[in-house]
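Novice: My questions all concern the structure below.
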Amino acid sequence: MTAHENPFLGYRITLPSTYRRLPPSYFTADRTTGGLLGRDAYTLLTEQQEREECLQDLGDLPPRTANLLLLVDAYVVDPAVSASDWASTPRIPGAQSFAIHRRIVALNLPGLDTIKLVADNATADTQVVVIHATDRMYMISPTMWPGPHSLEDIAATFSTVARQPVPTPSPSPSANIARANATELAALLGAAFTARDADAVARLMDACRISVSPVIDGTEGLPNSGGGGLGRSVALFTQALRDRFAAGDLSVAVGSNVELDARGGYFVRSQWTEPDRTLSIDLVMSPVGDVWRWTAARQYFTRADLGSPICIPYRSPWVSRSGRC
Numbered sequence: 297m298t299a300h301e302n303p304f305l306g307y308r309i310t311l312p313s314t315y316r317r318l319p320p321s322y323f324t325a326d327r328t329t330g331g332l333l334g335r336d337a338y339t340l341l342t343e344q345q346e347r348e349e350c351l352q353d354l355g356d357l358p359p360r361t362a363n364l365l366l367l368v369d370a371y372v373v374d375p376a377v378s379a380s381d382w383a384s385t386p387r388i389p390g391a392q393s394f395a396i397h398r399r400i401v402a403l404n405l406p407g408l409d410t411i412k413l414v415a416d417n418a419t420a421d422t423q424v425v426v427i428h429a430t431d432r433m434y435m436i437s438p439t440m441w442p443g444p445h446s447l448e449d450i451a452a453t454f455s456t457v458a459r460q461p462v463p464t465p466s467p468s469p470s471a472n473i474a475r476a477n478a479t480e481l482a483a484l485l486g487a488a489f490t491a492r493d494a495d496a497v498a499r500l501m502d503a504c505r506i507s508v509s510p511v512i513d514g515t516e517g518l519p520n521s522g523g524g525g526l527g528r529s530v531a532l533f534t535q536a537l538r539d540r541f542a543a544g545d546l547s548v549a550v551g552s553n554v555e556l557d558a559r560g561g562y563f564v565r566s567q568w569t570e571p572d573r574t575l576s577i578d579l580v581m582s583p584v585g586d587v588w589r590w591t592a593a594r595q596y597f598t599r600a601d602l603g604s605p606i607c608i609p610y611r612s613p614w615v616s617r618s619g620r621c
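Sequence positions in the sequence shown follow my numbering and run 297 to 621.
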């Protein structure tokens with residue numbers, strides 16, 4: 297067992313030694329974050345296993361390793377609120393509470409107001425533990441259930457520690473700066489695609505995967521299918537793009553006008569031309585740490601493109617398969 301301590305969030309916890317702590321995240325605890333102050337993530341994957349994971353695509357279903365991540369979130373709260381009331385109240389207006397579709401069960405942790413949230417179904421999995429300590433609320437949960445280790449046993453090792461000032465989160469860039477960063481990235485993407493340089497494109501992408509989603513006749517996602525999105529391995533995408541460029545059967549033209557979508561994200565339109573079709577794809581750009589990267593792609597299809605049986609006609613470099621679907 298290994299003890300992990302975060303004096304900025306004010307807690308200590310002991311986990312099986314197979315867990316590895318990832319770099320923490322800190323936020324401005326206000327209404328936009330629901331009071332979220334910071335997050336620690338612990339993974340059971342080794343660094344080598346993480347690299348191997350990035351060589352795999354993800355579809356509508358999560359990977360088998362999805363429950364190997366444990367999160368510890370710290371929220372700033374009114375000291376008078378109970379753990380039960382806090383879990384039953386949405387953190388952000390319009391959102392659902394953490395207790396939705398879960399039963400609240402008291403958990404004995406000496407000196408601390410503690411509850412667990414149990415799945416309100418036949419599995420009765422313990423999905424979340426909530427611990428109230430003065431003006432902080434701590435939430436411990438795996439990313440999927442059931443987790444590989446007992447949350448009750450993990451929570452039993454929890455204790456508070458003397459706090460240090462939380463590192464100041466990087467301020468969100470102003471709209472003008474964000475647009476300028478996105479515009480610069482769009483120009484670099486355009487130059488890389490024009491040069492048919494797959495490696496230059498890859499250097500402008502997130503390190504592991506790019507999110508891909510369909511837009512069917514103006515509506516995002518494919519109904520009754522899980523949405524039809526996928527997480528394309530950047531390594532596989534890069535190799536497939538390199539092959540397409542070498543074959544000379546794909547050209548990509550990136551526009552120069554950066555736009556703002558309904559979610560507040562920046563994107564630039566592009567045209568992917570093949571011998572038998574031209575596909576419109578929005579290249580969505582986001583800050584990853586201190587740099588901007590191409591992180592997502594929205595591909596536009598018509599209902600007629602889906603054919604029969606219905607499937608989304610993704611092609612290389614977005615998928616590794618050959619054939620229609």
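By construction, the Cβ of each residue, glycine as well, lies at the ideal position given by its N, Cα and C atoms.
Taking the C-alpha atoms as reference points, what is the distance between valine 562 and valine 401?
Specialist: Stepping through the sequence shown from its first residue, residue 562 is reached at position 266. Stepping through the sequence shown from its first residue, residue 401 is reached at position 105. Note that residue 562 is tyrosine in the sequence shown, not valine. Distance between the alpha carbons of tyrosine 562 and valine 401 is about 43 Å.
Novice: Evaluate contact between the segment 494–511 and the segment 576–593, counting only Cβ atoms and requiring at least three cross-stretch pairs below 8 Å.
Specialist: Because the criterion of three Cβ pairs below 8 Å is met, the segment 494–511 and the segment 576–593 touch.
Novice: What does DSSP give as the partner residues of isoleucine 512 in its beta bridges?
Specialist: In the sequence shown, residue 512 corresponds to position 216, counting from 1. Thr515 and Phe597, per the DSSP bridge assignment.
Novice: Counting pairs of Cβ atoms below 8 Å between the segment 335–353 and the segment 388–402, do you hit three or more?
Specialist: Too few Cβ pairs lie closer than 8 Å, so no.
Novice: Using only the alpha-carbon positions, how far apart do aspartate 381 and alanine 549 sit?
Specialist: By 1-based counting over the sequence shown, the position of residue 381 is 85. By 1-based counting over the sequence shown, the position of residue 549 is 253. Roughly 53 Å separates the two Cα atoms.
Novice: Helix, strand or coil for glycine 334 per DSSP?
Specialist: In the sequence shown, the residue the question calls residue 334 occupies position 38. In the structure shown, glycine 334 sits in a strand (DSSP, three-state: E or B).
Novice: Sort Ile577, Ala531 and Val584 by Cα distance to tyrosine 596 and report the nearest one.
Specialist: Within the sequence shown, residue 596 is the residue found at index 300, counting from 1. Residue Ile577 is the option with its Cα nearest to tyrosine 596.
Novice: Could you compute how far the alpha carbon of glycine 334 sits from the alpha carbon of valine 530?
Specialist: Counted from its first residue, the sequence shown places residue 334 at position 38. Counted from its first residue, the sequence shown places residue 530 at position 234. Each residue's alpha carbon lies about 28 Å from the other.
Novice: By how many angstroms is the C-alpha of isoleucine 473 removed from the C-alpha of aspartate 326?
Specialist: Within the sequence shown, numbered from 1, the residue matching residue 326 stands at position 30. Within the sequence shown, numbered from 1, the residue matching residue 473 stands at position 177. One C-alpha to the other measures close to 23 Å.
Novice: Per DSSP, methionine 433 is paired with what?
Specialist: Your numbering for residue 433 matches position 137 in the sequence shown. Beta-bridge pairing links methionine 433 to Tyr371 and His428.
Novice: What does the alpha-carbon distance come out to for the pair threonine 574 and threonine 464?
Specialist: By 1-based counting over the sequence shown, the position of residue 574 is 278. By 1-based counting over the sequence shown, the position of residue 464 is 168. Cα-Cα distance, rounded: 46 Å.
Novice: If serine 455 and leucine 367 are in contact, beta carbons under 8 Å, what's the gap, nearest whole angstrom?
Specialist: Looking up residue 455 in the sequence shown gives position 159. Looking up residue 367 in the sequence shown gives position 71. Not a contact, Cβ separation roughly 18 Å.
Novice: Going by other Cβ atoms of all chains shown within 10 Å of its Cβ, with 16 needed for buried, is histidine 428 buried or exposed?
Specialist: To locate residue 428, count along the sequence shown from 1; it is residue 132. Buried, since its Cβ has 16 or more Cβ neighbours within 10 Å.
Novice: Report all residues from its chain with a CB closer than 7 Å to the CB of serine 566; omit the five preceding and five following residues, and keep chain order.
Specialist: Translated into the one-based positions of the sequence shown, residue 566 becomes position 270. Closer than 7 Å at the Cβ level, and outside the excluded window around serine 566, lie Val548, Ala549, Val550, Gly551, Ile577 and Leu579.
Novice: Once the 5 residues before and after isoleucine 309 are set aside, which same chain residues still bring their CB inside 6 Å of it?
Specialist: Residue numbering aside, residue 309 sits at position 13 when the sequence shown is read from its first letter. Excluding residues within five positions, the ones whose Cβ falls inside 6 Å are His300, Thr453 and Phe454.
Novice: For aspartate 336, is the classification buried or exposed, using 16 other Cβ atoms within 10 angstroms of its Cβ as the cut-off for buried?
Specialist: Locating residue 336 in the sequence shown gives position 40, where the first residue counts as 1. Looking at its Cβ environment, which holds 16 or more other Cβ atoms inside 10 Å, aspartate 336 is buried.
Novice: Compare the C-alpha of phenylalanine 304 against each of Asp545, Arg459, Leu532 and Ser612 and name the closest.
Specialist: Position 8 of the sequence shown, counting from 1, holds the residue named residue 304. Of the candidates Asp545, Arg459, Leu532 and Ser612, the one whose C-alpha sits nearest the C-alpha of phenylalanine 304 is Arg459.
Novice: Three or more C-beta pairs under 8 Å: does that hold for the segment 529–546 against the segment 603–619?
Specialist: They touch, by the three-pair rule.
Novice: Can you give me the C-alpha to C-alpha distance between alanine 383 and valine 511, rounded to a whole angstrom?
Specialist: Residue 383 sits at position 87 when you count from the first residue of the sequence shown. Residue 511 sits at position 215 when you count from the first residue of the sequence shown. Whole-angstrom Cα-Cα distance: 35 Å.
Novice: Can you give me the start and stop residues for the alpha helix (DSSP H) that asparagine 472 sits inside?
Specialist: Against the sequence shown, residue 472 aligns to sequence position 176. Where asparagine 472 is concerned, the enclosing alpha helix (DSSP H) stretches over 471–490.
Novice: Near alanine 496, which residues of its chain fall below 6 Å by C-beta distance, leaving aside the five closest residues on each side in sequence?
Specialist: Within the sequence shown, the letter at position 200 stands for residue 496. So the list reads Ala488, once near-sequence residues are dropped.
Novice: Under 8 Å Cβ to Cβ from proline 571, same chain only, skipping five residues before and after it: list those, please.
Specialist: Position 275 of the sequence shown, counting from 1, holds the residue named residue 571. The residues are Asp545.
Novice: Quick check on DSSP: helix, strand or coil for threonine 569?
Specialist: Against the sequence shown, residue 569 aligns to sequence position 273. In this structure, threonine 569 counts as strand in the three-state DSSP scheme.
Novice: Comparing C-alpha positions only, which one of Glu516, Thr490, Gly443 and Leu485 sits nearest to leucine 365?
Specialist: Your numbering for residue 365 matches position 69 in the sequence shown. Among Glu516, Thr490, Gly443 and Leu485, the Cα nearest to that of leucine 365 belongs to Gly443.
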